[in-house]
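Notes follow once the structure below has been shown.
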Amino acid sequence: MIESFSLRSAQLRLEPLEQRVVLTTTSKLMYAIAPGFGSAANINVYNADGSLRFIIKAFPGFLGGVQVASGDVNGDGYQDLIVAAEVGAGPHIQVFDGNNGSMIRNFFAYDPNFMGGISIAAGHISSNVYEDIITGPLSGADPHVEVFNGITNQLVRSFDAFSPSYRGGIYVAAGNTQTQLNDDIIVSMASSNPSTGNPLVNIFNSQTSALIRSFQPYSSSYYGGIYLASADVSGDGYADIVTGPTDGAPANVEIFNGFNGQLIKSFYAFGNSNSTTGARVAASDLQGNLRADIIVATGPTRTPIVDIFQGISVSPFLQTPLFYQQYTAFSSDYFNGIYVA
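Going left to right, the sequence shown walks through residues 2 to 342 as my numbering numbers them.
Here it is in structure tokens:
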């Protein structure tokens, strides 16, 4: 049983930094795949063409699964990799350089005794030069979002995304949905809403923590959680919101216009609507065309597949995003689910 905590910032603690062995490349377009529960936290980082860039070895000896996010936290133009332990390892975050794979920072986001796991994202909250690190508890605590300066680790934002009585976990993302100077903070429920059963997505102004919009993806009969990503998929200059249902549901990906909340497109990943592994989503411009591609990974119980779809290129968005790439991550006999960034 996971003990319930009220989350507030812990004093940051740093560990000795270790160099990671890497492969040489000059591309700045990349994505990452992390294993779920039961495997060592070896994160494969790929170039946009699917070739392996390098492997990050986070949290040696930990087999509880990790969350991964990407963002340029040091302002060098490369997407750095941010890794957080899931349930069972404390709120430990490690940051790895996207250029060479070396660890550049590590700290605890909440009380070190909290074992409920951490969701993570990156966004331009306090600076337009580098990205900050956004965190939320995955389970067993009030839905408390914290934002840490990407350079100094200093806490710069702190607020509850939902009622403090909701303790089912949250997922976090960031995107400029209103074309302001800074990104907004986007938060979804990781499990059913105790009030209505239907999970919500809330969008907050990152400077004031004011709620901009709240909406419910999927139908009123869906009572699971919501995986979350945000980037400009449609190429209109606004960050869109990409959602996927949590494990056990069909892999139904939905894309919402970040500015007005309109549903742009709904489609199924992995080739059919019968897959019940959920849809773990990420969004990143892998082709350098100013439209984010959609990366979808399977949850547990099936072969670890990654589907990549091209960003939508026509208005009024009547087509399913074009299929771009599919491959099996890790080994075909691994069935514990994977995460993407």
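Don't be surprised by glycine CBs; every beta carbon is placed ideally from N, CA and C.
- Item | Selection from 213, 240, 50 and 301 that minimises the alpha carbon distance to residue 251 | 301
- Query: Secondary structure at residue 257, three-state DSSP: helix, strand or coil?
  - Reply: strand
- Query: Do you know offhand how far residue 34's Cα is from residue 259's?
  - Reply: 25 Å
- So, are the CB atoms of residue 175 and residue 220 less than 8 Å apart? no
- Quick one: is residue 75 buried, meaning 16 or more other Cβ sit within 10 Å of its Cβ, or exposed? buried
- Item | Close beta carbons around residue 331, own chain, < 6 Å, minus the five adjacent residues each side | 305
- Quick one: residues in its chain with C-beta nearer than 6 Å to the C-beta of residue 66, no 5 flanking neighbours on either side, listed in chain order? 37, 38 and 87
- Query: Between the segment 188-202 and the segment 227-246, do at least 3 Cβ pairs fall closer than 8 Å?
  - Reply: yes
- Query: Just to confirm, are residue 326 and residue 309 a CB contact at a threshold of 8 Å?
  - Reply: yes
- Between residue 334 and the rest of its own chain, which residues show a CB-CB distance below 6 Å, the 5 nearest in sequence each way excluded? none
- Can you check the segment 264-332 for any beta strand (DSSP E) of at least 3 residues that lies completely inside it and give the ranges in chain order? 264-269, 281-285, 294-298, 306-310 and 324-329
- Beta-bridge partners of residue 157, as assigned by DSSP: In DSSP, residue 157 forms no bridge with anything.
- Item | Cβ neighbours of residue 287 in the same chain (closer than 6 Å, five flanking residues each side left out) | 30, 49 and 294
- Taking residue 283 as the reference, give the member of 111, 233 and 60 with the closest Cα. 233
- Query: Which two residues bound the contiguous beta strand (DSSP E) that contains residue 231?
  - Reply: 227-232
- According to DSSP, is residue 133 helix, strand or coil? strand
- Item | Cβ separation of residue 42 and residue 63, assumed to be a contact under 8 Å, to the nearest whole Å | 6 Å
- Report the rounded CA-to-CA distance for residue 22 versus residue 99, giving the unit in angstroms. Unreliable placement is indicated for residue 22, whose pLDDT of 37 sits below 50; no coordinate value is reported for it.
- Task: Run the CB neighbour count on residue 25, radius 10 Å, all protein chains shown included, and call it buried at 16 or more, exposed below.
- Result: A caution first: residue 25 carries a pLDDT of 38, below 50, which makes its placement in the model too unreliable to give a value.
- Query: Taking the alpha-carbon positions, what's the residue 281 to residue 303 distance?
  - Reply: 13 Å
- Message: Let's test the definition: count the other Cβ atoms within 10 Å of the Cβ of residue 184 and tell me whether it reaches 16, buried, or not, exposed.
- Response: buried
- Message: Using a 10 Å radius around the Cβ and a threshold of 16 neighbouring Cβ atoms, would you call residue 70 buried or exposed?
- Response: buried
- Message: Going by beta-carbon coordinates alone, are residue 132 and residue 72 separated by less than 8 Å?
- Response: yes
- Message: Quick check on the burial criterion: 16 or more other C-beta atoms within 10 angstroms. Buried or exposed for residue 229?
- Response: buried
- Of the listed residues 311, 328, 329 and 299, nearest to residue 338 (C-alpha basis): 299
- Query: Where residue 109 and residue 118 are concerned, what is the direct C-alpha to C-alpha distance, given to the nearest angstrom?
  - Reply: 11 Å
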